[in-house]
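The structure appears below as structure tokens.
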Amino acid sequence: MNGSKPKKVYFYGTCLVDLFFPDAGMAGIQLLRAAGVEVVFPQGQTCCGQPAYNCGYWEEARDVARTQVALFPEDLPVILPSGSCAGMMKVHYPELFHGQPDEAQVRAFSGRVYELTQFLVQVLGVKLTDLGEPVKVTWHSSCHAVRDLGLKGEPQSLIGQLANVELAPLARTHECCGFGGTFSVRQPEISGAMSCDKAADAEATGASVLLSTDGGCLMNVNGTLEAKGSALKVQHIAEFLWERTHAR
Amino acid sequence: MHAELEVHFRDSAAKALLDPQLRANFRRAMDGLMAKRKAQFPDPADLQDLRDLSTAIRSRSLLNLPDLLEQFEANCTKNGIRVHWAETCEEANELILGILQSKGAKTLVKGKSMVSEEMHLNAFLEQHGIEALESDLGEYIIQLDGETPSHIIMPAIHKNKDQIARQFSQKIKDAKYTEDVDELTAMARKVLRQKFLDADAGLSGVNFAVAETGTLCLVENEGNGRMSTHVPPLHIAVMGLEKVVARLEDVAPLYAILTRSATGQAVSTYFNLITGPRGTGEKDGPQDVHLVILDNGRSRIYADPQLRATLRCIRCGACMNHCPVYTRVGGHAYEAVYPGPIGKILTPQMEGVGVRHDLIHGSSLCGACGEVCPVEIPIPEILVRLRREATHTDAGSQVAGKGTGRTRTEDWAWRLWAGLLKRPRLYRLAAWFATRFGKALPAGAPLIQNWTRTRTKPVPARRSLQERMRSEAQSGGTRHD
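Respectively, the protein sequence lines represent chains G and X. 35 is the number that this note's numbering gives to position 33 of the first sequence; each next residue is one higher, with no gaps. 827 is the number that this note's numbering gives to position 223 of the second sequence; each next residue is one higher, with no gaps.
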């Protein structure tokens, strides 16, 4: 990629975005295209394998991961609208494939993986123009985006480019929302308590939308807010950015 | 020694979550501790430097552990400290009982020691007619109620001032009811002072053991550590075998990061360097000093190159203070000597990954623990590894109870999961059904039921992203609907 901006990228939708947040996936693709990048979306995408990996079922995780890596043969960046799945592919694939015959191939793939906002800011350096009405939002930083992937405020800096958007700070912003994949159903009481606290902190900001980069967190916080009849909505950052910056 | 019973973290945690007083006590205390730690590390780069240095010191110590332990024992012996080795808690208890009995000791005053908790020493000594009194204020408070520590640094953190006021007025002879913290502390001090003077023996833990000098370092805030180790004629120290460092200069960075990470203090009120019994001409100190070095599964942890990182721990408790699970359920819910994230990796390795499967899965893998750990123990990665160990019997693994947490149901679930997701055509079919009929799944279906306790049921979109991208490709355009 020689330092110059890539002209072409792969997009990996992730299973949660594929089934629950396809608008966020479409918006991510549109944001990349708007920045002048051709987007290749290979069919055959399923899941990064994280659930099985986290539960210790590494053979099963590898079986699935191999089919996914094979979809991205060219030396192009692979963009994901998820910090958690990007973290899995970038940070944990090398561990998962350690000592396997295809380790080198997987490592090369991992090196090309980016979370969407990370790529928009660090690689493309996009400039956004806000076309929307004034709105107050808050930001939920997903644990894996920050701690696995090392995101350092890229999403917030994109929100900061939008003139009519006020970003209200969320209390205990680095605390987990309680999703944790299988944790949410294996430990429903603890997970539920964490989710309710996160929802309450989000409501206390006075924002009308909570944004995040991860489908898991969004599904969790949204479900909790809906159950308590809250007026606060959640939205994937890709969808929010696309809506604010492009006339329909 | 532990019953081969599956302990259900989920159940005890669920109970704890129903106690609003407990939850408020922990939330307030943990928020305070996080803020205090943060204030001690204003510069992230300085913090990282100190973490790197501390990690390097602990890793290097472990790398040379067998040699360092030999050197440490030799230097302790030279200093007049009698060193004993115990492979199990039972052996350690018997050793301590033997030492106490040989001196005719009937009362033991204790400084804080988590290893003695690991051994369940107090109960053991009581069975043999020896009174063991905790002298750390927090430990004293919980001992009055027959409780175990709920935090490794602040054992009574689950109680608030009012609860302690009530307890003291009921349990301490001639005590009046007061909520004044100074008065409460004075009450405990009055009882404890006399105990220090009367005790036949004192017991302490060890924070760092220095090989080159044969020194026992003890970090504390109340002076009870100093009193326990200096006033009675006999001092017995207990430590896990991982506590040794090579040089005295290794202690300074570890001490600096320990107090800052633990309680947000730049230094502790007391820092004791114990290098043997009272020497000729000296006016204080015990006549005899014994040291019991405990293994209790540590050698087995040590044998695994990845899991060895568990033994870097300096017992600061920062992982607990920053854990969103611990903050909500408190320490007792873990039903383990070491609660919180470090307990979730240490306990299953000591007691067996199968029997403590509940702890291994009691984490959202958020990574807050690994992020604050002063010696960079990759707690989330180790949790994932232990989940692996609990369900598989990989060759070469020495993990206690490996494979014993495996169930046929989970095996099948993951086989089905992989069978579906490694076949894109099958996934495509499943996605089609999910998007068309996902709404119809009852909220009371297994697993979904756990989700919908506190949340609405997630509803799949009407068309998947892949389906929309297929349509786009077929229409030949790049515009989407």
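Backbone N, C-alpha and C fix where the C-beta goes; we use that ideal spot for every residue, glycine too.
With a threshold of 9 Å between beta carbons, G38 (chain G) makes no contact with chain X. Between the region 84-91 of chain G and the region 206-218 of chain G, the count of C-beta pairs closer than 8 Å reaches three or more; the two stretches touch.
Excluding sequence positions up to five before and after Y938 (chain X), its CB lies within less than 6 Å of the CB of G947, all in the same chain and listed in chain order. Straight-line spacing of the CA atoms in G715 (chain X) and A805 (chain X) works out to 11 Å. Between L969 (chain X) and T951 (chain X), the beta carbon gap of about 17 Å keeps them out of contact (Cβ cut-off 8 Å). The shortest C-alpha to C-alpha distance from L130 (chain G) to any of G:A240, G:A147, G:A173, G:A170 is the one to G:A240.
Listed in chain order, the non-local C-beta contacts of N222 (chain G) below 7 Å within the same chain comprise C179, G180, F181, S186, S197, local neighbours out to five positions each way being set aside. A direct Cα-to-Cα measurement between L153 (chain G) and G971 (chain X) gives close to 14 Å.
When Cβ-Cβ separations below 9 Å define contact, V236 (chain G) makes no contact with chain X.
Unbroken beta strand (DSSP E) runs of no fewer than 3 residues, entirely contained in the region 990-1059 of chain X, are not found.
The residues N683, T819, in chain order, have a CB closer than 6 Å to that of T879 (chain X) in the same chain once the five nearest residues on each side in sequence are set aside. In the same chain as D749 (chain X), and ignoring 5 residues on each side of it, the C-beta atoms closer than 8 Å to its own belong to Q771, K775, in chain order. In this chain, the beta strand (DSSP E) harbouring G806 (chain X) covers 805-808.
Under the three-state reduction of DSSP, Q237 (chain G) is assigned to strand.
For a cut-off of 8 Å, the C-beta gap from C977 (chain X) to C923 (chain X) is around 6 Å, short enough to register as a contact. Rounded to whole angstroms, the separation of the alpha carbons of E62 (chain G) and R1019 (chain X) is 7 Å. Of all residues in the region 954-979 of chain X, those with a C-beta nearer than 8 Å to a C-beta of chain G are H965, G966, S967, S968, L969, C970, G971, A972, G974, E975, reading in chain order.
Contact note: I81 (chain G) does not reach chain X at a C-beta cutoff of 7 Å; the least C-beta distance is about 13 Å. Relative to F728 (chain X), the option among X:A696, X:A999, X:K707 whose CA is nearest is X:A696. Shown here for A249 (chain G): same chain residues with a beta carbon closer than 7 Å to its own, the five before and five after excluded, namely L133 in chain order.
Counting the other Cβ atoms within 10 Å of the Cβ of Y116 (chain G) gives 16 or more, which makes it buried. R174, H176, E177, C178, C179, G180, F181, G182, G183, T184, F185, S186, V187, R188, Q189, P190, E191, I192, S193: these are the residues of the region 169-193 of chain G whose beta carbon lies less than 9 Å from some beta carbon of chain X, given in chain order. Its chain contains I161, V167, E168, L169, A170, A209, S210, V211, L212, L213, F242 as the residues whose beta carbon lies nearer than 8 Å to that of V139 (chain G), once the 5 sequence neighbours on both sides are disregarded; these appear in chain order. Only exposed fits D778 (chain X), as fewer than 16 other CB atoms lie within 10 angstroms of its CB. The beta-bridge partner set that DSSP reports for Y12 (chain G) consists of G:V42, G:V80.
The beta-bridge partner set that DSSP reports for N811 (chain X) is empty. With respect to E826 (chain X), Y874 (chain X) sits close: the two C-beta atoms are nearer than 9 Å. A check of alpha carbon separations from R912 (chain X) across X:D786, X:L741, X:F1037, X:I949 identifies X:I949 as the nearest. Burial state of T1058 (chain X) is buried, judged by a 10 Å Cβ sphere holding 16 or more other Cβ atoms. Shown here, S6 (chain G) sits in coil according to DSSP, grouped into three states, outside any helix or strand.
Per DSSP, M843 (chain X) is not a residue of any alpha helix (DSSP H); the beta strand (DSSP E) it occupies stretches across 838-844. Chain-ordered, the chain G residues with CB closer than 7 Å to the CB of L1025 (chain X) read T48, C49, V66. Out of X:Q731, X:E674, X:V810, the CA that lies nearest to the CA of E698 (chain X) is found in X:Q731. For E62 (chain G), the chain X residues whose Cβ falls inside 8 Å of its Cβ are W1018, R1019, W1021, A1022, in order along the chain. Residue X:S739 holds the alpha-carbon nearest to the alpha-carbon of T789 (chain X) among X:S808, X:V814, X:I756, X:S739. Put simply, the region 90-103 of chain G does not touch the region 20-37 of chain G. Fewer than three CB pairs are less than 8 Å apart.
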